[in-house]
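Visitor:
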DNA sequence: GTTTCATGTAACTTTTATAGTTACATGATT
DNA sequence: AATCATGTAACTATAAAAGTTACATGAAAC
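Residue numbers (UniProt numbering), protein chains in the order written: chain A, 1 to 154; chain B, 1 to 154.
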């Protein structure tokens, strides 16, 4: 599967922007993410379109949060990226076949619910939470409790 | 995102195999799925390795279920395919950064739980359930099937 | 035993999605 | 005006999935 790094890039950038007093340039952000400034502009451009970020040209320009980090949830970012991250393909065989139709129903329902689970996880964490993980001690902060831990069979 | 059609191919094939009295060839299955016989062998080969299917060479050879369709769950098939269907990429940025570490924790937990939801959906449906969807209404009753003249009563 | 049928698999090609890059326009600050 | 930074289109590169070719293996039919 061809992986998709847009969410990771977006969250990492937002986390650093939350900690920065001044705007950050695409070039600085690209360096932190080991990628290219144009890629940064493409991804952050979606967040700007969603009202999460603002950008300025010229001297002292760059990117900054459009509202406080505590008021930007990871789910907001996930929605702003607006890409399907689940790669289960629905069949190309003719849906007149009852098997195909039944499969479509099943897979669609499962994917919808899986997306809902992702969303509910992401809705509980804000960019401020991610940024705090860096200021705290420089390492991973546990996720906010949302579900009972340890009951995932996968 | 690069879509992945292996699960759809596998489920559709198994559904028809559940209804067939005789083995089906890769060529016949490929025609039903509008794909190539070698692709069918690649995908069904994984199901054989997982003990869900058996294959025979030569005349009257082909594929058949290794056990009754009611005893093969969609989750069994999903597990046999054994591919990651969630394309959220964990960051390539150095994990010494606390933001990256926190993000990894969050995304991993969310993906794990999303996978669990898929699994629980798929565990509730068997291949027999899918096949029933065809016999119930759906499509042409067990008349002469499309793939071979004469002796293949599906 | 040879022909035919079908799977098994490696190797290659094609397709497509993501990421990376180049080039240039636009606007803001100095 | 010069510089800095974003905005975007167009192109290239990489990687994953599917499609295809080629050939080996084994089983049944003749």
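Backbone N, C-alpha and C define an ideal beta-carbon position, used for all residues, glycine too.
Does DSSP put residue 64 (chain A) in a helix, in a strand, or in coil?
Guide: The count along the first chain starts at 1 and reaches residue 64 (chain A) at position 64. In this structure, residue 64 (chain A) counts as strand in the three-state DSSP scheme.
Visitor: Please state whether DSSP places residue 86 (chain A) in a helix, a strand or coil.
Guide: The residue given as residue 86 (chain A) occupies position 86 in the first chain. Strand, per DSSP.
Visitor: Can you name, in chain order, every residue of its own chain whose Cβ lies under 8 Å from the Cβ of residue 83 (chain B), other than the five neighbours on each side?
Guide: For the purposes of this step, residue 83 (chain B) is taken as the residue at position 83 of the second chain. Same-chain partners within the cutoff: 4, 6.
Visitor: Check whether chain A comes within 8 Å of residue 62 (chain B), counting only Cβ atoms and requiring the distance to be less than that.
Guide: To locate residue 62 (chain B), count along the second chain from 1; it is residue 62. So, not an interface residue.
Visitor: Are any of the Cβ atoms in chain A nearer than 8 Å to that of residue 16 (chain B)?
Guide: Numbered from 1 along the second chain, position 16 holds the residue referred to as residue 16 (chain B). Yes, residue 16 (chain B) lies at the interface with chain A (some Cβ there is under 8 Å from its Cβ).
Visitor: Among residues of its own chain, excluding the 5 on either side of residue 13 (chain B), which ones have a beta-carbon nearer than 6 Å to its beta-carbon?
Guide: Locating residue 13 (chain B) in the second chain gives position 13, where the first residue counts as 1. These residues qualify, in order along the chain: 29.
Visitor: Just to confirm the assignment: which complete alpha helix (DSSP H) runs, minimum length 4, are found wholly within the segment 85–134 of chain A?
Guide: 98–123, all fully within the segment 85–134 of chain A.
Visitor: Short check: CB of residue 46 (chain B) to CB of residue 75 (chain B), under 8 Å?
Guide: Along the second chain, read from residue 1 onward, the residue named residue 46 (chain B) stands at position 46. Along the second chain, read from residue 1 onward, the residue named residue 75 (chain B) stands at position 75. Not in contact: residue 46 (chain B) and residue 75 (chain B) (Cβ atoms no closer than 8 Å).
Visitor: To the nearest angstrom, how far is the alpha carbon of residue 17 (chain B) from that of residue 118 (chain B)?
Guide: Position 17 of the second chain, counted from the start, is the residue given in the question as residue 17 (chain B). Position 118 of the second chain, counted from the start, is the residue given in the question as residue 118 (chain B). Going from the Cα of residue 17 (chain B) to the Cα of residue 118 (chain B) covers about 24 Å.
Visitor: On the premise that residue 134 (chain A) lies in contact with residue 97 (chain B), defined as a C-beta separation below 8 Å, what is that separation, rounded to the nearest angstrom?
Guide: Taking the first residue of the second chain as 1, we reach residue 97 (chain B) at position 97. Taking the first residue of the first chain as 1, we reach residue 134 (chain A) at position 134. Confirmed, Cβ separation roughly 7 Å.
Visitor: Using a beta-carbon distance below 8 Å, is residue 71 (chain B) in contact with chain A?
Guide: Locating residue 71 (chain B) in the second chain gives position 71, counting from the first residue. By this cut-off, residue 71 (chain B) is not an interface position.
Visitor: Verify whether the separation of the beta carbon atoms of residue 94 (chain A) and residue 104 (chain A) is less than 8 Å.
Guide: Position 94 of the first chain, counted from the first residue, corresponds to residue 94 (chain A). Position 104 of the first chain, counted from the first residue, corresponds to residue 104 (chain A). For residue 94 (chain A) and residue 104 (chain A), no; Cβs fall outside 8 Å.
Visitor: Whole angstroms are fine: how far does the CA of residue 11 (chain A) sit from the CA of residue 106 (chain B)?
Guide: For the purposes of this step, residue 106 (chain B) is taken as residue 106 along the second chain, with counting starting at 1. For the purposes of this step, residue 11 (chain A) is taken as residue 11 along the first chain, with counting starting at 1. Roughly 11 Å separates the two Cα atoms.
Visitor: Check whether the Cβ atoms of residue 55 (chain A) and residue 37 (chain A) sit closer than 8 Å, and answer yes or no.
Guide: Start at 1 with the first residue of the first chain, and residue 55 (chain A) comes out as number 55. Start at 1 with the first residue of the first chain, and residue 37 (chain A) comes out as number 37. Going by C-beta atoms, residue 55 (chain A) is not nearer than 8 Å to residue 37 (chain A).
Visitor: Flag residue 147 (chain A) as yes if its beta-carbon sits less than 8 Å from any beta-carbon of chain B, otherwise no.
Guide: In the first chain, counting from the first residue as 1, residue 147 (chain A) sits at position 147. Any reading at residue 147 (chain A) must be qualified, since the residue scores a pLDDT of 41, below 50, and its modelled position is unreliable; the value itself is stated next. Yes, its Cβ sits closer than 8 Å to a Cβ of chain B.
Visitor: Less than 8 Å separating the beta-carbons of residue 73 (chain A) and residue 131 (chain A)?
Guide: Translated into positions along the first chain, residue 73 (chain A) becomes position 73. Translated into positions along the first chain, residue 131 (chain A) becomes position 131. Not closer than 8 Å, so no.
Visitor: Please name the residue or residues paired with residue 56 (chain B) in a DSSP beta bridge.
Guide: If you number the second chain from 1, residue 56 (chain B) lands on position 56. Paired residue(s): B:62.
Visitor: Taking 8 Å as the threshold (beta carbon to beta carbon), is residue 5 (chain B) in contact with chain A?
Guide: As a first step, residue 5 (chain B) must be located in the second chain, where it is residue number 5. Yes, residue 5 (chain B) lies at the interface with chain A (some Cβ there is under 8 Å from its Cβ).
Visitor: Could you please give me the residues that DSSP links to residue 73 (chain A) through a beta bridge?
Guide: Within the first chain, residue 73 (chain A) is the residue found at index 73, counting from 1. DSSP, once it has assigned bridges, lists A:126 as partnering residue 73 (chain A).
Visitor: Could you give the first and the last residue of the continuous alpha helix (DSSP H) run that contains residue 2 (chain B)?
Guide: If you number the second chain from 1, residue 2 (chain B) lands on position 2. Element bounds for residue 2 (chain B): n/a, residue is neither H nor E.
Visitor: Does the beta carbon of residue 21 (chain B) come closer than 8 Å to any beta carbon on chain A?
Guide: Here residue 21 (chain B) refers to the residue found at position 21 of the second chain. It does not; no Cβ of chain A falls within 8 Å.
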